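Residue numbering for the sequence shown is 1 to 1194, as defined by full-length UniProt numbering. For every residue, glycine included, the Cβ atom is placed at its ideal position computed from N, Cα and C. Keep in mind that this is a model prediction, so the values were computed, not measured. Comments concern the structure below.
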Amino acid sequence: MANKLIALAFTLIILAVLTAIIGVHFRTSRNKLGIAKPEQKLASGRLTLKKVGPNQVVVDNGIIQVTFSSPEGLITGIKYKGFDNVLNNKIKNRGYWDVMWYEPGQEQLIDLLEGVKFNVINQTSEHVEISFSRAWKISQRGSLVPLNVDKRGVSGIYMYAVLEKLKGWPTVDMDQTRIVFKLNTKFDFMAISDQRQKIMPSEIDRDITNKRANPLAYKEAVRLVNPQNRIFKGQVDDKYMYSMENKDNKVHGWISSDQRVGFWMITPSDEFRVCGPPKQELTSHVGPTTLSMFTSLHYAGKVMNTTYTSMEPWKKVYGPVFVYLNSASSTNRLWTDAKRQMVAEVHSWPYDFVKSVDYPLHQQRGTVKGQFFVMDRYISKSKLFGKFAFVGLAMPGEAGSWQTENKGYQFWTTADRMGIFTITNVRPGSYNLYAWVSGHIGDYKYERDITITPGREIDVGAIVYEPPRIGATLWEIGKPDRTAAEFYIPDPDPTLSTKLYLNNSYQPQDRFRQYGLWDRYTALYPRNDLVYIVGVSDYKKDWFYAHVTRNAGNGTYQATTWQIVFSLKAVIKTGNYTFRMALAAATTANLSVRINEPKSKPIFLIGLIGQDNAIARHGIHGLYNLYDINVGGNLLRGLHYGDTNQCFDDGYRFKDTNECFVTGADRCVCKPWLGTPSWLSSSPVKKLKVLKFGEITNYKDDMDKQSDLINHFVQTMPNLEEVVLYYDTPFDSDLEIVSNGFQQLEKVASTKCKIQVVSDNISFSTTVHSSSSSSTSGLAFFKNTFPTCTFMLCFLHQCLTVSASHSMGAPYSNHNGHTYPLPHEIFVSKTLVRLKLGEGHDVTLSADVEDVFLPKLKILDIDSVVFEEEGVGFARLLSGCPVLEELVLTNMGWENWEFCSVSVTTLKRLTIFLDDFDENPMSVSFDTPSLEYLEYSDNIAREYPKVNFSSLVEAHIGLRLSEDQSADADFSEEDGYFSEEYEEEEKEMVGNATNFLFGLCNVEILYLSAKTLEVFTFCCEATPVFNNLIQLTIESNDESGWDSLPALLPNCPNLETLIFKGLVHKRTDGCGNMCLCKPPKNPSCLSSSAVKVLKIILSVDIDDEGMEMEQIMHFLEKMPRLEQLVVYFNISYNPSVFDLSKKLQSIPRIASPKCNFQVISPNLSLSSTLPSTLSKIWSAPPNEEYSWFLKALK
């Protein structure tokens, strides 16, 4: 049986695979920092594999040399730059996997998953895969974890493991699975985020046996009293201070200040991690140690259920994760480059080089999308966007079960501001869809299972979460955000304060990471406990962030009783109230709740709960728990008490279960005191008239108050048949606004009620639809039935007209600042195919656009339309066009929106043009998986949360920096810019368009404006790889530089045609003919170019000394595969054309001797027919390409 398992180890029964890949994505280039990236390699560097004696295997690519112990498969050495070994001196304590495990009732053991057999799986000049395997036998029970092991290593270093437990194998608990690297002690600077980085103490400084440190409350924490570096004296060191949530834990590691080398752990995906985005894990810590944690009980406890029973088969792939080494002149540059590499790895997920059958590639995965809403009738009468909600897929279970689930895979994303979400690259399988959103309590679970199959996209549409509600909220403490961060967090004891950040700075918002804060409660409340008075106290100052026990001295702690004092104007003695309690964490807490009598029997006793240990481990949350406590009205008299052991509070709410709703209107004519039933519900009134109802104002709040009052009557009075509202206004347009508002009322009690709005000269009624009649010709509307129409502003009649075979009008007026909604019929036309809004005029579309459904609309053109309330109407408009294929957006004004999303699955063509205002849009997303053609001209957005251009073929990009960003960019004109130190120059990031630019990577035809090149230079963390690109057009002018081209061109490996619109750029003078290459001693990026056709469009004449001619000479000298050079001249002067042709013919074609030339002008076309070494004969064929040239000039 054992031999059979080994034979199958590479197919289905792979148990643990370590993969470290050298050369998977290598290309010939080098970045500015001189850092060897995984998609790059030095000019030399053939991949080699050799066995050194019986116990070592070495893989070397000329950049990194990785040594494995054989057959164990431990990483014993990594040679890089000045390091003979970046790992520490203990051979079995360098780089390894381990599993912490035990059988029930037995002691805990650690297994390093050492192999017993070595094999070469695959070896080429680009890729090596080696295997270190071990098959489990029943005789090894009790000494080795019952798993088959096959660790695979190739250097790079990517690592992954496939763990499988077969049915019938012994029951086992595996509480922790991780990768560990113990580094050379020269690594002294640690970085885990932009702020959390610093020089670190050494392992020797933590030694309590030699009196360099004093022990504290638990073994992980020590106080440094005699460190080697005196700046650490008196500080606390504890590895848990550097924990991080999974959603933020993408890159962390160490830097050697002496060698200027970085060692980084990069995690490109969270799918194999456990317990969802908020799960906290260890990162790097003193050692120096770097971890990749896959499973642990940290901040959760055994509730995670890491027991694998005898009859429970199980398999899971952990990783790949990536170890990245770099070198640069400063810690800041090393960290910045590590982040850029992390972005590149994230965009490469899932990797295409993983050979395990248990790791599905991109085309074998699926997608889930939809829009998340929250419906809370006590906050809003309509659905709320679930903005920034966490939405994810995990194993089937109860709502919220994802936060303790650890045996399967989880896939999470963050919805945008409008609740739109897309979860990509989901493994095939069966899942539940879960969600939660800050600001609302509880967890959401989609009612149906989600089954993912390869290549399938599932659209769940609009999903609505209704948070648990029993009644209106009477008072609330804190915010429902699943953390205790909003409450009062004290400063640490001065003798235990630790500087956790760069330059030993102190960040008040991270006080919770300090040691010993649990004892600060005793310092604040030495005798009497906390008392919080609702309406008087401020939870940010008066509510301690953790409900802890009091330190009574001598190592003993006492329970504490906190009081919440609140008042009610009236209490329904026979009714029920609810005390809702959300806990962000708990550790052996026994919380009880009493009402008014502190010594009475608790109305609620939670029992002993929690193993999070979040307080001691410097966390601000652990596992989220929500409790509803029923409070009888007969118990409410005065004060409210509660006592506990140790827990974090996420928030408290007290609700009136008896009240149906609370609005501003219900105090006017009903329920003058809380809890009294409305007399309107029994009223026999059939007709209600209101004289001098109110003024019509420009303030929405004023009009809402009037609407709320009438809404209350209509919803409450069951016999009401008619409401008449009399307004004293001479303006017909004013009354139209009011009428449209009242037509939307929900007639709950009196469903047949008619509402009429009347003034001296006009009347509107809900029984007369505006599409069929009106009382004034100035507001006439005729229903449109034609498939093509154009909206535009007609100033003569102050109305919005719709032009087709004949016109239809919709009220639009700027009189007194009022704006009228477009007729509803426009947005539900069943015949409309093409629609144009605006046509260059400033048309305003309100957020009241509801129920849009244009089933045949294929082309939508929006020009200078103002969408109110940050584009809510825009999103609704797009969502109602199920077959839309082409969208044109001109001067949208979305730079004033907090968020904009173009989300249309059927869209094939998208054109966006926005004028050059000195503003950057806040956030722009694109979810257009069917898009084939894109034109996009705008200032770069501050962020691009989602970019889905998976089908894009052609793109014309005109992105640009704002004026402020241009001023901040490094546009130095110093002569030394292209000196030998050029590679060490570090560009300052002035924006971030990385996500957008990486989203273009599938394109085949790409046009980049001159300004877009600067976006690549100053706003892109790493250069995308354009594997499909065959034609690239570069626009050039003397205001923008070509700095990004040396990195861009090598990342276009299949580029066939390169087109330049102009050759003069910002640095043409600064570097002569070397502007597309490194300094002369380094190889040019052009020398590896695959370009066969080079086209150059010139709009001016050139002379012998011209910079354009020097550039052309440089291209011919450096581009080895060039077959054709075409120069387009926008002049009709024939001698100039002939002169240029002669100059080209005389240029030595060093790199491309077989290249043919062609010079084209409006009236002449000259081309070479033989190589210049044989003849100088030119022919003049018909000018076929000049029409292309004219088009390209536009």
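Item: Sequence-distant residues of its chain with Cβ nearer than 6 angstroms to Gln280 (five each side left out); Value: Ser243, Glu245, Tyr299, Gly619
Item: CA-to-CA distance, Leu997 to Glu1140, given in whole angstroms; Value: Strictly speaking, residue 1140 in this sequence is Leu, with Glu absent from that position. Each residue's alpha carbon lies about 37 angstroms from the other.
Item: Beta-carbon proximity check, Cys275 vs Gln403, cutoff 8 angstroms; Value: yes
Item: Contact belief for Asn1037 with Asn1054 at Cβ below 8 angstroms, rounded distance in angstroms; Value: About 28 angstroms; that fails the 8 angstroms criterion.
Item: Rounded C-alpha distance that separates Val1015 from Leu961; Value: 7 angstroms
Item: Neighbour-count burial assignment, Gln363, 16 or more Cβ in a 10 Å radius; Value: exposed
Item: Beta carbon of Glu886 nearer than 8 angstroms to that of Met922; Value: no
Item: Delimiting residues of the alpha helix (DSSP H) encompassing Ser879; Value: 868-879
Item: Bounding residues of the alpha helix (DSSP H) (the contiguous stretch that carries Ala523); Value: 520-524
Item: Exposed unless 16 or more other CB atoms sit within 10 angstroms - verdict on Arg513; Value: buried
Item: Bridge partners - Ala589, DSSP secondary structure assignment; Value: Ile609
Item: Trp264, enclosing beta strand (DSSP E) - first and last residue; Value: 261-266
Item: Start and end residues, alpha helix (DSSP H) containing Phe996; Value: 994-999
Item: Integer Cβ distance of Gly610 from Ala585, believed to fall under 8 angstroms; Value: 7 angstroms
Item: Assumed close pair residue 1216, Val1064 - CB separation to whole angstroms, cut-off 8 angstroms; Value: Past the boundaries of the shown model lies residue 1216; the chain is included only from 1 to 1194, so the question cannot be answered.
Item: Phe1115 versus Phe1129, Gly478, Cys1085, Val1137, residue with shortest Cα-Cα distance; Value: Cys1085
Item: Best match in Ser707, Asp863, Val852 for proximity to Gly838 [C-alpha to C-alpha]; Value: Asp863
Item: Beta-carbon proximity check, Leu325 vs Ile130, cutoff 8 angstroms; Value: no
Item: Beta bridge counterpart(s) of Gln176 as assigned by DSSP; Value: Met100
Item: Beta-carbon proximity check, Phe189 vs Thr283, cutoff 8 angstroms; Value: no
Item: Cβ-Cβ separation, Gln197 to Trp335 (assumed contact under 8 angstroms), whole Å; Value: 7 angstroms
Item: Simplified DSSP state of Thr549, which is helix, strand or coil; Value: coil
Item: Whether Trp169 touches Ser310 by CB criterion (8 angstroms); Value: yes
Item: Nearest-angstrom Cβ-Cβ length linking Val1091 and Thr1057, presumed shorter than 8 angstroms; Value: 7 angstroms
Item: Rounded separation between Asn814 and Gly871 - CA only; Value: Its pLDDT being 35, under 50, Asn814 is placed unreliably in this model, and the coordinates cannot settle the point.
Item: Beta-carbon proximity list for Val723, same chain, < 6 angstroms, skipping 5 on both sides; Value: Leu688, Ile755
Item: DSSP beta-bridge partners of Gly516; Value: Answer is none; Gly516 lacks a bridge partner.
Item: Glu963 - DSSP class collapsed to helix/strand/coil; Value: helix
Item: Environment of Ala523 [buried if 16+ CB atoms lie within 10 Å]; Value: exposed
Item: Status (buried if at least 16 other CB within 10 Å, exposed otherwise) for Leu1098; Value: buried
Item: Spatial distance of Arg212 from Asp538 (CA atoms); Value: 43 angstroms
Item: Close beta carbons around Pro360, own chain, < 6 angstroms, minus the five adjacent residues each side; Value: Arg427
Item: The region 543-556 contacting the region 228-244, beta-carbon criterion three pairs below 8 angstroms; Value: no
Item: Cβ-Cβ distance between Gly366 and Glu457 below 8 angstroms; Value: yes
Item: Coarse secondary structure for Asn249, derived from DSSP in three states; Value: coil
Item: Environment of Ala485 [buried if 16+ CB atoms lie within 10 Å]; Value: buried
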